[in-house]
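Protein chains in written order, with my numbering: chain U, 1 to 483; chain D, 1001 to 1483; chain A, 2001 to 2483. Just so you know, even glycine gets a beta-carbon here, dropped at the ideal spot from N, CA and C. Encoded as structure tokens, the structure appears first; notes follow it.
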């Protein structure tokens, strides 16, 4: 099996990445080692000098190490990145290896590059010129990578692993700059990254997909769909994303009430989204049946949209409202907007990230801006307000209404970087040297993976209950061919 | 594809939930928003005023926020609810979408309703009439939902999503009342919910199943079984339940030694159960082969049974004994009692919750009563005894033997609410308006889901990569027959 | 279905374990209960006397209970043991039940026996002769079991569950002795167990496999491979191992900076390994396609190799280098060394543990020895150095260079116990009484499990590649029969 396929693969486009892929992986990894050697060290909480630091700063217990505040959230985020995103994309019938495998590859590269890029902007120790990393850097690196994995969702099945690595290299770089502008220059808050991660990542991916538009993608449409068990694998991704999203939005929130509140808000928004997603999915199918695509994706929209405001005093019912709206909009997006985007705007969005990340991300940015602008000392308390929005130092005199304006500006920056960066990177990826598949080979693991002979491709209905002895010899032959 | 199915579906019973399901989801979700708006606020540890609270109460470090005591356990419990229960029920060959999907739906609704119901009983701030929620409320909401998911196990494959939502609405309500009586009025202890969650949930589900008895369920017996990969999916559920059960039983236990001890006891009871389950499964099959049903379910019985006493000084060997007994009883339950229940008592229990939750839950209640009654200052220490059983305030003078009596009474309350509530709710669900499937369509995702053409029934190699036209007609024919 | 299979099973070797398996499970579990009754109690942090202990030791907050330092890591390790190892081995097309199920069984037994064995060596309270257990003991028990699960990887598909239990009984015993020698007598450090767990476990398994060499294993070669979905199941195992490995290596590291640093080092080493694994996998396949075997296994090698030195000041770039090297070596191991081992050394290593655990484990031991020997006060700080290497008490005067020597000696001890113990245990397992399968029934769940009739369980070898038109009519008949 796959012999004919293989022949087809090779002809119109060369998907053989035997030299480009190893070359990129090895050279970049070596570059990482050199750069880490020059720049990266442990921060004071991860260094053996912590014992001295503790004494100097009157820290009485080891448990006050940031590790214990953030490590459980970190691990949850880690699961979202590798299992959540990876398995969410396994819904395609013959693209599971690439979904999980390339997700794994680009995340593993991305986190290293992100530690450097974000480190230069945020964790540089000016006394010795070194980046000092600790648990929060690891979380931020995972966050940074999330934006590239979101973008992967738009181009899923249509690009080569080399293209994905190039996309990640640029994506992480753009992310770090955008994040620095938003968090440090504009001093906007974005605990769960509705703007920084989701809006940027989604428009980045959609723009790339627009540049890489394939008019003849229909040639592989028989593979652009799910099978029964691939939908169940995808639910593993969905659920781990859904369950751990409270950790995602609270992972780098302020210690104490900040993390606590972010987790509650996210928990509630997500619960609400599930109900409205189910409602819309059933209402807009002609026989009231549910569509797995919606359940796998739109149920997560509330988590995206509550990201920016997760740390704010959004109130429990505020979170429910955000979730309610996003479930509706995201599901309708799958039903009406995605076909429109593909047909009219020439944006082929394999996973529908426009519905899961782009729209909810923008909503999240708006919710953040509004709730920041309307924040008051009455609700937050004097000190609470300063703590929540970090009105200290240069920003001591900023007031909530002004903060709201900066939050809105931040959303604009995220959009700008996403669209602009995406078009730029898309043009690079369009160069005919990256080993991308031909239109008729999209969504097929065969191009980049040794795919085992398998039960699901065997003509099972014919074969389940045959009289075995009759064909014993045939089997032998087949095995030889197959391996 | 699925056309004939559809015709069949529509005829004897109408499974079209296109209006009822969206209506219930939207209206209930709107009601949640209104009720949360009126009633629910953050508690002092999740509110921006925490900084003031800390100062007032001389709390020196953010890490003493309850969030850090309970959040890791909460996330584990969350995984149990959504992945654990969801995937455990995917063992059926064509009911995976409904198992995971409806589990997702009712849990997402249930946790919101539980926050309100439990909030009114336990977290109402009488100064302002608001429910103040924090991380412990989220855990308790997950716990509360667990009882309804247990009940789902009994009716799996035989009810519509609308029925499940109705069941959950009543189930959560009954749970909150029962829990209030048991924990507050009787002042019984039940850290892991052997009585409150498992006994109640299981008898609630079994009673519903009894009321909804289907004499002709045999018509869909060809779908009431597993296939190879569905059994592996179910093992994902089993293992996440098994692994995180120590977190379940310790999640709301007392800070410090309480949580520590509950985790140890549960870890040990579960380990012991695995061995006796394997032993019984092998011993009672005629060729010594193991049965996946037992491994998927009975291995968990020890966690259920050690729930009430998890926080007590049960001793490591005590936990092993509990696990030992439950592995034996639960496995024998699958072999002998389930068929008996179905044949004689007309209780069709799809997942065998009688063996996994009902019997072990009752055993757990008894173990709890006995170990409470026999608790002594010698073993617990004077202060330890008071702390463990909360002999403070109104209950300052209660002694262990009396506590044992109240624990036994609590078990009775759980049974009563389970059976009584189940019969009541079962009668409601019997009304012919909820869109439940006909007997011949039970255990089939087709009724409520758009099911993809799929590898296991479709001859993919022929359709994907072969010369398709040759067999196009054949395929067609096969599909019609097959569905 | 499976009747013919069954007949074959019974003839050459008797795989009926109906008496031996239940007997071993029940008797050993009873023994555990008795031994736990005699020996095991809660330690002071899990006992109700904790409240007194706190007062006596001026502990001000419950959060300083070791539970809160280690429980999140414990749960991650627990997931690695049961889901990680279990699902990693499901890659075989028809051995998923055994992979997950027997992994579950031997781990559940192993942790109990490990609590006793390690308890006698490490946690014995000499005042009352009791083993006092707490959360750290649970982690160590999981660690101990990991070595036996690694060994299971070598013999996967070729042994009976009874053999596995016997292997585990001896494996745990040997482990506990080896660990005592390495950690206590040699005073070597091995936070992530590169030597203690991986080197020992791998050579233990390889030696057993060598003793149990089956010259005619080719008879079941048609089952010694994967199918599409079994490879995806295996990726669940891979990813949970990969993601939680930082928890594994940091779980029992020193509170504070020790755990923090171990997590960072592991995170980085693993990221690096992914890139070099992909590079090698692509480079050495003739068309540049990736091989799932490498992605599933070699990506984890960096976690193994950074185990010993995880707690040391290895530096971020040091971790990357370790990961880089291991990805290369491990992948090349799968391509070149495994076939050599099988052909020349008669070691049949089903999962390739030589590439994933043995070689990286040895590298880890060497890295540990070198980095210990080169540790300096300049880098570690005076107190930091003492803390990291525990130069207190009897070892107050030990210096880094000497420590390096002892680390190297420890590696030798691990190798010795692995090879020697493996040969010894292999000889025991060779006795013709354990119910192992015949050569033609290896890698087949049928021997020990009731396998559901199903599309995938159909006589695959016969049916995968039939000429469909020939049997079109048969299908008709078959469906009727089958359902």
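Residue 2170 of chain A at chain D interface by Cβ criterion, 9 Å: Not one chain D Cβ lies under 9 Å of residue 2170 of chain A.
Could you check whether residue 305 of chain U and residue 288 of chain U sit closer than 9 Å to each other, using their CB atoms as the reference points? No, Cβ-Cβ distance for residue 288 of chain U and residue 305 of chain U is not below 9 Å.
To which residues does DSSP link residue 2040 of chain A through a beta bridge? A/2131, per the DSSP bridge assignment.
Check whether residue 1228 of chain D and residue 2361 of chain A have beta carbons under 9 Å apart: Cβ distance not < 9 Å, so residue 1228 of chain D and residue 2361 of chain A don't count as in contact.
Could you give the DSSP three-state label for residue 315 of chain U: helix, strand or coil? Three-state DSSP puts residue 315 of chain U in coil, outside helix and strand.
Residue nearest to residue 1153 of chain D in terms of C-alpha spacing, selected from D/1392, D/1186, D/1100, D/1402: From the listed residues D/1392, D/1186, D/1100, D/1402, the smallest Cα separation to residue 1153 of chain D is found for D/1100.
Taking CB distances under 9 Å as the criterion, tell me whether residue 112 of chain U reaches chain A. The beta-carbon of residue 112 of chain U is placed less than 9 Å from the nearest beta-carbon of chain A.
Classify residue 226 of chain U as helix, strand or coil using the three-state DSSP reduction. Assignment of residue 226 of chain U by DSSP, reduced to helix, strand and coil, places it in the strand class.
Taking all protein chains shown into account, do 16 or more other C-beta atoms lie within 10 angstroms of the C-beta of residue 2094 of chain A, making it buried, or fewer, making it exposed? Its Cβ being crowded by 16 or more others within 10 Å, residue 2094 of chain A is buried.
Please compile the residues from chain A whose C-beta is within a distance smaller than 9 Å of the C-beta of residue 225 of chain U. The premise fails here: residue 225 of chain U is roughly 16 Å from chain A at the closest Cβ pair, so nothing lies under 9 Å.
Can you pull the chain B neighbours of residue 2133 of chain A, defined as C-beta to C-beta under 8 Å? The structure shown has no chain B; the protein chains it does contain are U, D and A.
Since residue 207 of chain U and residue 418 of chain U should fall inside the 8 Å C-beta cutoff, what is the C-beta to C-beta distance between them, to a whole number of angstroms? Confirmed, Cβ separation roughly 7 Å.
Below 9 Å between beta carbons: does that hold for residue 272 of chain U and residue 327 of chain U? For the pair residue 272 of chain U and residue 327 of chain U, the CB atoms are nearer than the 9 Å cut-off.
Would you identify the three-state DSSP class for residue 1014 of chain D, choosing helix, strand or coil? The three-state secondary structure of residue 1014 of chain D, taken from DSSP, is coil.
Outcome for residue 1441 of chain D when other beta-carbon atoms lying within 10 angstroms are tallied against a minimum of 16: It is buried - the Cβ of residue 1441 of chain D has at least 16 other Cβ atoms within 10 Å.
Any beta-carbon of chain D closer than 9 Å to the one on residue 15 of chain U? It does not: the Cβ of residue 15 of chain U has no partner Cβ on chain D nearer than 9 Å.
What residues are listed by DSSP as bridge partners for residue 2290 of chain A? According to DSSP, which records beta bridges pairwise, residue 2290 of chain A is partnered with U/449.
Buried/exposed call for residue 2433 of chain A, threshold 16 Cβ in 10 Å: Around the beta carbon of residue 2433 of chain A, fewer than 16 other beta carbons sit within 10 angstroms, so the residue counts as exposed.
Could you round the C-beta distance between residue 1237 of chain D and residue 1069 of chain D to whole angstroms and report it? I think they count as a contact, below 8 Å. That belief does not hold up - the Cβ atoms of residue 1237 of chain D and residue 1069 of chain D are roughly 27 Å apart, past 8 Å.
Compare the C-beta of residue 2152 of chain A with all C-beta atoms of chain D and state if any pair is closer than 9 Å. Residue 2152 of chain A does not count as touching chain D.
May I have the straight-line CA-CA distance separating residue 2013 of chain A from residue 2019 of chain A, to the nearest angstrom? Their backbone Cα atoms lie some 16 Å apart in a straight line.
Should residue 2442 of chain A be flagged as near chain D, meaning a C-beta pair shorter than 9 Å? Answer no: the Cβ-Cβ gap between residue 2442 of chain A and chain D never drops below 9 Å.
Quick one, which of A/2128, A/2118, A/2126 has its alpha-carbon nearest residue 2134 of chain A's? Nearest option by C-alpha distance: A/2118.
In or out: residue 1017 of chain D buried (at least 16 other Cβ within 10 Å) or exposed? Counting Cβ neighbours within 10 Å, residue 1017 of chain D comes out buried, since at least 16 surround it.
Mind reading off the beta-carbon distance from residue 111 of chain U to residue 142 of chain U? Whole number of angstroms is fine, and I expect it under 8 Å. Between residue 142 of chain U and residue 111 of chain U the Cβ distance is about 6 Å, and since that is below 8 Å, they are a contact.
Assumed close pair residue 2107 of chain A, residue 2145 of chain A - CB separation to whole angstroms, cut-off 8 Å: That belief holds up - the Cβ atoms of residue 2107 of chain A and residue 2145 of chain A are roughly 5 Å apart, short of 8 Å.
By DSSP's criteria, residue 2125 of chain A is part of a beta bridge. Which residues make up the other side? When DSSP reads this structure, residue 2125 of chain A sits in a beta bridge with A/2130.
Using 8 Å as the cut-off, can you tell me whether the segment 2212–2224 of chain A makes contact with the segment 2345–2357 of chain A, which would need three or more C-beta pairs spanning the two stretches below that distance? A contact exists between the segment 2212–2224 of chain A and the segment 2345–2357 of chain A.
Using the C-alpha atoms, what's the distance from residue 172 of chain U back to residue 2257 of chain A? Linking residue 2257 of chain A to residue 172 of chain U through their CA atoms gives a straight-line distance of about 28 Å.
Mind pulling the alpha helix (DSSP H) runs of 4 or more residues that sit fully within the segment 2346–2406 of chain A? List check, alpha helix (DSSP H) in window: 2359–2373, 2377–2380, 2382–2389.
Chain-ordered residues of the segment 206–235 of chain U with a beta carbon less than 7 Å from chain A: Within the segment 206–235 of chain U, those residues whose Cβ lies closer than 7 Å to any Cβ of chain A are, in chain order, 229, 233.
Closer than 9 Å, Cβ to any Cβ of chain A: which residues of the segment 75–96 of chain U, in chain order? Taking 9 Å as the Cβ-Cβ cut-off against chain A, the residues of the segment 75–96 of chain U that qualify are 75, 78, 79, 81, 82, 83, 86, 87, 90, 94, 96.
Classify residue 2293 of chain A as buried or exposed, calling it buried when 16 or more other Cβ atoms lie within 10 Å of its own Cβ. By the 10 Å Cβ count, residue 2293 of chain A comes out buried.
Apply the 10 Å Cβ neighbour rule to residue 2132 of chain A and answer buried if 16 or more other Cβ atoms are within range, or exposed otherwise. The residue in question, residue 2132 of chain A, is buried, as its Cβ has 16 or more Cβ neighbours within 10 Å.
Per the DSSP calculation, residue 1341 of chain D is bridged to which residue(s)? Answer is none; residue 1341 of chain D lacks a bridge partner.
First through last residue of the alpha helix (DSSP H) which encompasses residue 279 of chain U: Looking at the DSSP string, the run of the alpha helix (DSSP H) that includes residue 279 of chain U is 257–283.
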